[in-house]
Amino acid sequence: TTLKGDHIDLNIAYEPVNFTGKTRMAKAINGSVPAPVLRWCEGDRVTVRVKNNLAEDSSIHWHGIILPTGMDGVPGLSFGGIKPGNTFEYQFDLNQSGTYWYHSHSSFQEPTGMYGAIIIDPKEPDPVSYNRDYVVMLSDWSDEDPQAIYAKLKKLSHYYNFRERTVSDIWPDIKAKGVEETWNKRSMWNQMRMSETDISDVTGYTYTYLMNGVTPDEGWVGLFKRGEKVRLRFINSSAMTIFDVRIPGLKMTVVASDGQNIEPVTIDEFRIGVAETYDVVVEPRDDSAYTVFAQSIDRSGFTRGTLTPDIGLRSSVPEMDVAPTLGHRDMGMDHSMHDMSGMQEMPAMDHSKHQMGGMQTIDKNTIHEKNHRDQSETLGRAGFGSTREITHGPSEAGPHIDMRAESPQSGLNDPGIGLRNHMQRYGRKVLTYSDIKNLYPTSDPREPTREIELHLTGNMSRYMWSMNGIKFSDAEPLQLKYGERVRITLVNDTMMSHPMHLHGMWSELETGDPNYIPRKHTVIVQPGSKISYLVTADALGRWAYHCHLVYHMPGMFREVRVS
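With the working numbering, you'll find the sequence shown wraps up at 565, consecutive numbering, no jumps.
The following block contains the structure:
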């Protein structure tokens, strides 16, 4: 269902659902999973009355919408939450257009069904021409209670990973690489207490992947007429799943990223992190049916839909790609240490430092960086007159950090693990962040006056996530001055991808063209890599800044305070 108008009532309540053959209780908005699509117009002031019929506190966060801090919907930061039986009235102006979404920001309610799409139609004529449009909302459903999933991960971080390497895998490795290299590689992964197959924490073993609330067995259906331009608004509203999306037989022209119009770029495939949105336009030239195919990053499952001119016509579902394994690049390794032929050899282990060819396991003797470098250190080398605050994990390595990227590479040009070399292998062009250019000139052309470097840290074996080795409950807020321009550089010291979401302000991704910087609200930081973006601190108040993987969020979270 789609709700329109500037006054909307939403009811949060328990709702029975059945995605697996077993009935389970969802937490739904207006009785549906996903929640209704909210369709508004740029320039409008909207009022949304949200009634909480649950037996626990709840909330709704308007993801990617720029609004006052009191309307952002984060309990404990911007408001007190919505008590059982109570109604909260959100009211805000829509000063943007595009594809966004809304979800609960309370406990683990979002994975149990509390998410829906937002479309804001532009005030000016839309630069994108299309004949019809569809929301394509990707999500992951488990019959297990999210608290039970989290408890299992805390006990055994790879509980849901059924791709662990076994003894039978050793012989092919020895044949291909020899005894010594195989032994070195296995020793390295064992010493890191991690597996090269640890791509996702929670997998298709427990998840059923949904497209617009429809299982892959059934398949969502969208109709078109031949020759039409169809706009597909992809939203990843998953709890934990990063998806790779393609439509075999159709080129996709990406026209918007995180709700913001970009220079159109034509591709065959794209990765969508949790909480990201991409709008694409496709033009089916004949009367065939096409499969909209979204496979999980670890290839443990998929969801699918069909674009078809005829309700009775279906297309075949492609095979999933081969499941990826983590390699040198994902460990933050220095590329000068090996050749680039693809047959990369593992450097000898330096056991004195627990050196993992770049990803270092941490003990108290290996970290000597100060928590805060001298703030007056200039960025003369980069030609910026800014000061730099680099915070390299804690000076005392605590239990929250077990590894660090020695030579993190930029993630801009890398499509990511499982998508590299797809042009050579399959003839599929994969979108990278470096392909994204804003359609309009950069709104704030100032150079940053300050640089903040934040490390995304974790202890995989204990399933603890943090920033700079400090979990949220122990962390000081990040202080920004109203109106200042800041560069934030994120360094991923873990071997998992983290989609990082800053509330209240745009994250302006530095892709190399300062005149057309794309504005995003969520940015994937790839394993062992780094990425930077500019932020204009134009929103007073207290804001959340966190990894959007729901089971990473309790620790990998900071408050940002703009004063």
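C-beta: ideal position from N, C-alpha, C; glycine also.
- Here His-63 has Asp-74, Gly-75, Val-76, Tyr-104, His-105, His-107 as same chain residues with Cβ atoms under 7 Å from its own Cβ, once five neighbours each way along the sequence are excluded.
- The region 198-215 makes contact with the region 304-314, as at least three CB pairs between them are under 8 Å.
- For secondary structure counted as the beta strand (DSSP E) over 3 or more consecutive residues, the region 413-486 holds these complete runs in sequence order: 452-461, 466-469, 480-482.
- Annotation: the continuous alpha helix (DSSP H) that includes Tyr-152 extends over 148-157.
- The Cβ atoms of Ile-403 and Gly-303 lie no closer than 8 Å to each other.
- Cβ atoms of Gln-98 and Ile-120 stay farther apart than 8 Å, at about 10 Å.
- Within the region 220-253, the complete beta strand (DSSP E) runs of at least 3 residues fall at 222-225, 232-238, 245-248.
- Around the beta carbon of Arg-228, fewer than 16 other beta carbons sit within 10 angstroms, so the residue counts as exposed.
- Pro-286 and Thr-293 have their alpha carbons spaced roughly 12 Å apart.
- Exposed is the label assigned to His-9, since fewer than 16 other Cβ atoms lie within 10 Å of its Cβ.
- For Trp-143, DSSP records a beta bridge to Thr-210.
- Gly-514 sits close to Ser-436, with the two beta carbons spaced by under 8 Å.
- Gly-66 is a Cβ neighbour of His-523, given a cutoff of 8 Å.
- In this structure, Asp-289 sits away from Arg-233, with a CB-CB distance that is not shorter than 8 Å.
- Under DSSP, Ile-62 shares a beta bridge with no residue.
- At a Cβ-Cβ threshold of 8 Å, Leu-12 and Val-48 do not count as neighbours.
- Taking C-beta atoms under 8 Å as the contact rule, Thr-491 and Pro-529 fail to qualify, at a distance of about 16 Å.
- Excluding sequence positions up to five before and after Pro-129, its CB lies within less than 7 Å of the CB of Asn-263, Leu-441, all in the same chain and listed in chain order.
- The beta-carbon distance between Met-405 and Ser-159, rounded to whole angstroms, is 13 Å. This is too long to meet the 8 Å contact definition.
- For Ser-318, the closest C-alpha among the options Val-324, Thr-434, Arg-301, Ala-291 is that of Ala-291.
- Using a 10 angstroms sphere on the CB of Glu-271, the tally of other CB atoms reaches 16 or more, which defines it as buried.
- In the three-state DSSP reduction, Asp-332 falls in the helix class (H, G or I).
- Taking each of Gly-420, Asn-133, Asn-494 in turn and checking the Cα distance to Leu-225, the smallest one comes out for Asn-133.
- Under a 10 Å Cβ-count criterion, Phe-21 is classified as buried, with 16 or more other Cβ atoms of the shown protein chains found around its own Cβ.
- A direct Cα-to-Cα measurement between Ser-298 and Asp-246 gives close to 6 Å.
- Taking the CA atoms as reference points, Met-333 sits about 38 Å from Leu-69.
- One alpha carbon belongs to Val-488, the other to Ile-269, and they sit about 32 Å apart.
- The Cβ atoms of Tyr-117 and Pro-250 do not sit closer than 8 Å to each other.
- For the 8 Å CB-CB criterion, Leu-155 and Ser-239 do not form a contact.
- Between Val-562 and Lys-532, the C-beta spacing is not below 8 Å.
- Cα atoms of Thr-434 and Asp-323: separation of roughly 18 Å, rounded to the nearest angstrom.
- Judged by DSSP in its simplified three-state form, Glu-91 adopts strand.
- For the options Glu-220, Gly-45, Phe-295, the alpha carbon positioned closest to that of Glu-321 is the one of Phe-295.
- Straight through space, the alpha carbons of Arg-331 and Gly-413 are spaced by roughly 10 Å.
- Around the beta carbon of Pro-18, fewer than 16 other beta carbons lie within 10 angstroms, which makes this residue exposed.
- Straight-line spacing of the CA atoms in Gly-275 and Asn-54 works out to 29 Å.
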